[in-house]
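In the working numbering, the protein residues as written are 722 to 1278.
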């Protein structure tokens, strides 16, 4: 009777075509370096090789603290971690099967991005998803992990198919002979029946799964943004990124910000260093583009984007960790939106987690068409005011057809401290006007959220409507006649939510919004219009241009 294969969980990566096993390691573990792993043969597979050894070995970092209260602590305590990586040639590619702590010795840039995600989505049907990590890149980047107690349909995970990037997915494959469970991001974790003698065949199955396009049937939204591989495009995009870093160093405005490239545990205390340009270990406690830029200035950094991408690192340690260790490349933490080209040849991109993503044309057209179809109004008009506060003051003093409700807080029913602001101005035409100085994507995204929350309270909360009408009546200008009493039925079409965004003109004199602000607008507008039944309109309010005006053209920011 043949021996039954044992069930093991493998961690598998795919080497990029431009890389060899010898160039897959980080600098300190490179071939010939002191910390390089020992290379050994692997029998039965031509071209296979095994690298194995001790990845780290250090005294515990917490002994210094304990020594302050207890002398003569043991001196032979060591924390250590071993690792190995088996490189196997498969179908013209090279697969890396990783063991132990070897990931600390590998260069992430040597391996294919989204390899594990594609393997997972090509083998797991949408009804068998168990875990899903999502990211919403915007001025404030949100990341979330949703886990189900059993296999569930992807719709149950709350995916916003307009805004979300799938980062990690896991579930039960349709073909149980392929695996019992599979999950992946860049690497794939696969629980399957396998032995050393058959691992090459299993890796061939994994590569075959990666090459399929099955995911496009059930997870088509994953391709709303595709990873950019073209070197010339990446160079041009990196040049735009470097310009944004320069703008911040010059005190100008930019939407560039930083976010961890993966979900991190904020319940643990953390410290981090920006390294690679002589920063000498200054300690910070959270990722911040302002902190990073201040360190560049303090250290008089005069390098280029290649140096930032190749050498700048973030080292970090949590309360339970022994030492500062390399966490991420600084480049992997940048979140940035820009575009290349003009007119019909213009392409939009976002940088997130170390990869440039190109916005898919049909998806972009869908977003642009929705935005262009939204009603445009002119209530405020071009202004000489420089910011939101000046504009609100000016409108309050000069416009009798508008009632200022800025900073007027109302609590919804059964809520004592919500202090919800109904809008900035309420008009005699029953318009709830929300204003924001939209110099970057952050305030704009916040504006959409304000409109959604206000509309929901107005439609669903009779107590809120009662308090709102009372507040409006207290100003003695008769605007309460435009609002329903708490017992009245709300005629939803009689009202309108108007988003007014102050913007400096682009170089060509036009006004526009960053693409991802339009994406988040569509999500908010659909909810206000379809769920609450209130029409939505937009006014782009031109404010004075200045030397710090946007450098974009035709929507490029």
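We treat Cβ as the ideally placed atom computed from N, Cα and C, and that holds for glycine.
My understanding is that residue i touches residue j, with C-beta atoms under 8 Å, so please give their C-beta distance in whole angstroms.
i            : j            : result
residue 1033 : residue 1073 : Going by Cβ atoms, the distance from residue 1033 to residue 1073 rounds to 17 Å, so no, they are not a contact pair.
residue 1235 : residue 1058 : 6 Å
residue 896  : residue 844  : 7 Å
residue 1010 : residue 979  : 5 Å
residue 827  : residue 745  : 6 Å
residue 879  : residue 850  : That belief does not hold up - the Cβ atoms of residue 879 and residue 850 are roughly 12 Å apart, past 8 Å.
residue 820  : residue 737  : The pair is not a contact, with the Cβ atoms about 21 Å apart (cut-off 8 Å).
residue 770  : residue 799  : So it is not a contact: roughly 29 Å between Cβ atoms.
residue 1036 : residue 1008 : Not confirmed; about 12 Å, so no contact.
Leaving aside the five residues before and after residue i along the sequence, list all residues of the same chain whose C-beta is less than 6 Å from its C-beta, in chain order.
i            : result
residue 729  : 915
residue 865  : 855
residue 1117 : 1125
residue 1224 : 1159, 1232, 1261
residue 1250 : 1257
residue 1149 : 1122
residue 942  : 882
residue 846  : 895
residue 1240 : 883, 884, 1088
residue 930  : 840, 843, 844
Within 10 angstroms of the Cβ of residue i, are there 16 or more other Cβ atoms? Answer buried if so, exposed if not.
i            : result
residue 768  : exposed
residue 1140 : exposed
residue 990  : Caution applies to residue 990, whose pLDDT of 49 falls short of 50 and renders its modelled position unreliable; the value that the coordinates give is listed next. Flag for residue 990 reads exposed.
residue 996  : buried
residue 1199 : exposed
residue 1221 : buried
residue 1122 : exposed
residue 1001 : exposed
residue 1128 : exposed
residue 1109 : buried
residue 905  : buried
residue 981  : buried
residue 948  : exposed
residue 1022 : buried
residue 761  : exposed
residue 1030 : buried
residue 1066 : exposed
residue 871  : exposed
residue 805  : buried
residue 795  : exposed
residue 926  : buried
Looking at the structure shown, is residue i part of a helix, part of a strand, or coil, going by DSSP?
i            : result
residue 1284 : Residue 1284 is absent from the model: the chain starts at 722 and stops at 1278.
residue 1169 : helix
residue 958  : helix
residue 1057 : strand
residue 1036 : strand
residue 891  : strand
residue 937  : helix
residue 1200 : helix
residue 1263 : strand
residue 775  : strand
residue 744  : helix
residue 1003 : coil
residue 1031 : helix
residue 1210 : coil
residue 849  : helix
residue 749  : helix
residue 728  : strand
residue 783  : coil
residue 734  : strand
residue 1181 : helix
residue 854  : strand
residue 800  : strand
residue 810  : strand
residue 832  : strand
residue 1279 : Outside the modelled stretch of the chain, which goes from 722 to 1278, sits residue 1279, for which no answer is possible.
residue 998  : coil
residue 1048 : strand
residue 906  : coil
Just to confirm my understanding: we take residue i, look at its own chain, exclude 5 residues before and 5 after, and list those with CB closer than 8 Å. What are they?
i            : result
residue 1244 : 881, 883, 884, 1169
residue 766  : 809, 810, 921
residue 928  : 735, 811, 812, 814, 816
residue 1014 : 966, 969, 970
Considering only residues of the same chain and omitting the five flanking positions on each side of residue i, which have a CB-CB separation below 7 Å?
i            : result
residue 1215 : 1151
residue 775  : 801, 803
residue 937  : 944
Verify the contact flag: residue i, CB atom, against every heavy atom of the ligand HEM, threshold strictly below 7 Å.
i            : result
residue 1104 : No copy of the ligand HEM occurs in the structure displayed, which carries no ligand at all.
Let me see if you follow: with CB-CB separation under 8 Å, is residue i close to chain B or not?
i           : result
residue 853 : Given the protein chain composition of this structure (a single chain), no chain B is represented.
Any alpha helix (DSSP H) of 4 or more consecutive residues that is wholly inside the region 1093-1156: If we require 4 residues or more, the alpha helix (DSSP H) runs fully inside the region 1093-1156 come out as 1109-1119.
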